[in-house]
Amino acid sequence: MNPPDLTKGDTRERILDAAETLFAEHGFEATSMRAVTSVAQVNLAAVNYHFGSKDGLVQAVFERRVGPLNLERLTLLDRAQAEAAPGPAPLDAVVAALVTPLIRVGRECEPFLRFFNRCQIEPIEALSAVLTTQFKAVSTRFLAALQGALPQLDADDVIWRASFAFGAVAHALASHQRTRLISGGRIDGGDLDQLLPRLIAFIVAGMRAPRGGPT
């Protein structure tokens with residue numbers, strides 16, 4: 058077996074991989090820098106060199122996945138809007154642009170998915186600014202695109218339905234074993250070719266449902 062490549066780039070990625078896994082398993086507060094260095098097989102100086110602090114490390118863990126994810130989302134949205142111009146992008150294309158990259162990242166990077174889900178119940182102060190930076194512009198673009206595709210809804214309805222859509226995505230990511238169980242093993246909930254078109258169709262139908270709520 059060849060020895061590991063200990064170049065700077067490789068060292069940085071090993072630290073990020075180790076931190077991502079440990080943050081997912083134990084949480085940010087309960088994960089020590091010593092644990093990260095042990096799993097990554099580096100010294101503390103290497104972590105400080107690349108990230109500066111534990112806060113800097115968790116920010117980098119988050120940005121490594123979410124930055125490319127959001128770039129792909131916006132690229133897909135730009136394409137859908139360009140193809141539909143001068144009219145609004147169709148709802149199914151907007152939903153696909155929003156959902157597809159997230160499902161793919163969630164399936165390919167399972168430790169990050171668990172870390173991200175953990176952040177929902179154990180907020181990390183060090184991520185507050187990163188969350189704003191990474192999601193504000195994306196949220197604005199997609200809410201506007203959804204509103205354009207659903208002119209019959211007011212802004213509040215669009216926000217509610219977008220929130221419910223993310224709930225469906227989170228469930229699809231977290232419960233593919235349940236799909237296999239309740240289908241008697243016939244359906245593989247982890248098969249993206251089977252999952253994505255059904256999930257997108259489900260969300261689109263929900264988005265188009267008659268308006269409810271207080272009258």
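Numbering-wise (this note's numbering), the sequence shown opens with residue 58 and increments by one. Glycine included, each C-beta is placed from N, C-alpha and C at the ideal position. All values derive from a computational prediction rather than experimental measurement.
Asked: Neighbourhood of A76 by C-beta, 6 angstroms cutoff - its chain only, sequence neighbours within 5 removed; Found: V93, L114 and V118
Asked: Those runs of the alpha helix (DSSP H) which lie wholly inside the region 58-121 and span at least 4 residues; Found: 65-83, 90-97 and 101-108
Asked: Classification of H233 by the beta-carbon crowding that lies within 10 angstroms, buried from 16 upward; Found: buried
Asked: Length of the line joining the Cα atoms of A201 and E120; Found: 24 angstroms
Asked: I178 vs A225 beta-carbon contact at 7 angstroms; Found: no
Asked: From F85, T236 and R243, residue whose alpha carbon lies closest to that of E182; Found: F85
Asked: Close Cβ partners of P158 (< 6 angstroms) along its chain, the five nearest in sequence each way excluded; Found: L126, E129 and R130
Asked: Residues near R71 in its chain [Cβ-Cβ closer than 6 angstroms; skip 5 each side]; Found: A97
Asked: For Q234, the first and last residue of its enclosing alpha helix (DSSP H); Found: H233 to I239
Asked: Cβ pair count under 8 angstroms reaching 3, the region 135-142 against the region 238-251; Found: no
Asked: Sequence-distant residues of its chain with Cβ nearer than 7 angstroms to R171 (five each side left out); Found: A81
Asked: Cut-off 7 angstroms between Cβ atoms - residues of its own chain near L73, not counting five sequence neighbours on either side; Found: A117, V118 and R121
Asked: Local conformation of P254 per DSSP, three classes; Found: helix
Asked: Cutoff 7 angstroms; reference L101; Cβ partners in own chain excluding five residues on either side; Found: M90 and T94
Asked: C-alpha distance - A150 paired with F108, whole-angstrom precision; Found: 38 angstroms
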